[in-house]
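Under my numbering, the first residue of the sequence shown is numbered 16, with each subsequent residue one higher. Don't be surprised by glycine CBs; every beta carbon is placed ideally from N, CA and C. Taking it in order: structure first as structure tokens, then the write-up.
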Amino acid sequence: MENQALVNRGLWSRAEQLAIQTPDSRNRYVDFLRALSILAVISGHWLMAAPHVIEGGLAFANMLDVEPWTRWLTWGFQVMPIFFLVGGYANGVSWDAAIRDGSGYNKWFVSRLARLIIPVLPLVLVWIAICGLGNAVGVQSDLLKIVSQGALVPIWFLSVYILVVLLVPISMKAWKRYRMASFWFLVLLAVVDDVLFFAFGLKVVGWFNYAFVWLAVHQLGYAWRDGYLGGMRSAVIWMMTGALLLVGMVIWGPYPISMVSVPGDEVSNTLPPKFTMLALGMLQIGVLLGFERPVQRWLTRLRLWTATIVINGMIMTIYLWHLTASMLMVGLALLLGNIGLEAEPGSILWWVSRPIWFLGFVIALALLMTVFGGLETRPLKVDRRIASWRLIVGALTTCGGLALLALNGVVGSHWFGLQLYVLCLPFIGAAIAGVLPMPKIYGR
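Next up, the structure:
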């Protein structure tokens, strides 16, 4: 209802009305952190990527590799822990409301699944078209793979988050029964996983930390909602614990400084996640919760709260399309004679040109939002009577497809030089789960 109102009556004016009508019981800081985090994500990605022309060809440098000092900045720009924190808070509120209303798991999950899956499918289709056309006209497949992989990096989060949402009834039950023990148990599993990864060389088991680490942070969202993380004393404890753990692991342990994967590094803190991501989450949560009360008062100002509502109303579109926007601007620069692409990454000229590039990225993103934003804001018509097995199989199929696309992009060796089978997975999964129309093959 809120999202449709934003469309019908104008984005800002309707958001302002929603701001005025916001009940006092709503924790506005949750929405503020979500908005702040998305701004950090797009800024970090746009700053990290350094496309440039060298010897007549387009190359992509990574500023974390070009300027190693920037790796320390990832301690602030890597905000995935905050997304899972606010996700836990919001999912806890939503699930409890569904229980009170008697909606049931299937009705609740298919609605949330649709909100997560529908906006990403057009992004995949656009990159199928771009890379298919590129292959047809003779663009180097290696370049298309790099570009599409870079543009689709954001969807890895969805592949993990959908699984976390799938498990909300279980994780919420664990929270209500065991409280903080449900968090510390996952922390212990993450530590054991890292020990197996580093000490015993069991690299495969490291992937289990996608579940242990992010479910643990998600549990902290429940804890925050129920008042277990409130107060300045608690904030300081979390901040200091996280800081000491993180600094200790980076200085004396096998963990790299960067909280984002760096090409060429033997170890990544994120691929798969390590215990460092949990420590970073503790540090960030402590810092941000320390500011909760003053910012809550600040958010009573109409203009700021309205802006927060606007950003939250189109946050999926911003997240999914911000790297495509930057890629399109790079393509435009190439067509205009390599304008702005000849500065060496890390040079003074390169840094000075960043604001101009950022402005171009924002304009491109705004244009994409006008085209695709409606998929996020319009009400979705989904069958809420889908069988549980279809929801689970559909969600897992979609997650598998999104994860593979995030890792490898869309370029392959099949039809039009694309990964045909992988590209089909998100759409097949969405259809099985009832998010997309499909022939009535499956029973309910």
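When you compare each of the options to residue i by their alpha carbons, which one comes out closest?
i, options, result
"D80", "I177, P169, S197, S273", "S273"
"V426", "A64, D157, A231", "D157"
"W372", "K191, A65, L167", "A65"
"R318", "I354, G25, E31", "E31"
"L286", "D209, Y436, L51", "D209"
"A340", "L390, G149, L383, L435", "L383"
"W267", "G328, A205, I132, T291", "T291"
"S40", "V108, W61, F75", "V108"
"I177", "W123, R192, L211", "W123"
"W430", "L131, A144, V367, T256", "A144"
"F481", "R393, S163, L88, I132", "Nothing about residue 481 can be reported from this structure: the residues present for the chain run from 16 to 459 only."
"G409", "S368, L451, G424", "L451"
"G25", "G346, M342, T321", "T321"
"G346", "I133, G149, S52", "G149"
"M342", "C146, F213, W171", "C146"
"I378", "W336, R248, V152", "W336"
"N77", "G71, E70, T89", "T89"
"I185", "V367, V282, G103", "G103"
"N327", "T37, L51, P38", "L51"
"I57", "D116, P38, V168", "V168"
"F92", "W171, L73, D241, S276", "S276"
"R86", "D280, L364, K188", "D280"
"V154", "G432, G444, Y436", "G432"
"A112", "M187, E82, T256", "M187"
"I170", "L435, S428, N423", "N423"
"G242", "M331, E307, T256", "E307"
Just checking my contact of residue i with residue j at CB under 8 Å: how many whole Å lie between their CB atoms?
i, j, result
"V10", "L417", "Because the chain spans 16 through 459 in this model, residue 10 falls outside it and cannot be assessed."
"A446", "S174", "About 17 Å separates the two Cβ atoms, so there is no contact after all."
"V94", "A55", "5 Å"
"L295", "P96", "6 Å"
"L261", "L298", "6 Å"
"N121", "V180", "Not confirmed; about 13 Å, so no contact."
"M329", "T392", "7 Å"
"K289", "N224", "7 Å"
"F47", "G236", "That belief does not hold up - the Cβ atoms of F47 and G236 are roughly 15 Å apart, past 8 Å."
"G355", "S368", "6 Å"
"L73", "L349", "7 Å"
Taking Cβ to Cβ, would you say residue i is nearer than 7 Å to residue j?
i, j, result
"M344", "G375", "yes"
"L201", "A238", "no"
"R43", "L314", "yes"
"G449", "V125", "yes"
"H60", "L390", "no"
"V183", "W110", "yes"
"I333", "A34", "no"
"A205", "L293", "yes"
"Q234", "W190", "yes"
"T413", "I132", "yes"
"F213", "G221", "no"
DSSP beta-bridge partners for residue i?
i, result
"A64", "N77"
"P288", "T285"
"L433", "V426"
"G72", "I69"
Taking only beta-carbon atoms, is residue i less than 7 Å away from chain D?
i, result
"A446", "No chain D is present in this structure, which holds just one protein chain."
Three CB pairs or more closer than 8 Å across the segment 256 to 274 and the segment 215 to 230: no
Requested in this report: Take every Cβ of the segment 139 to 158, pair it with every Cβ of the segment 208 to 219, and state whether three or more of those distances are shorter than 8 Å.
Outcome: no
Q.
If contact is defined by three or more beta carbon pairs under 8 Å, each pair taking one atom from either stretch, is the segment 57 to 73 in contact with the segment 351 to 364?
A. yes
For the structure I just gave you, are there three or more beta carbon pairs, one from the segment 183 to 195 and one from the segment 433 to 444, closer than 8 Å? no
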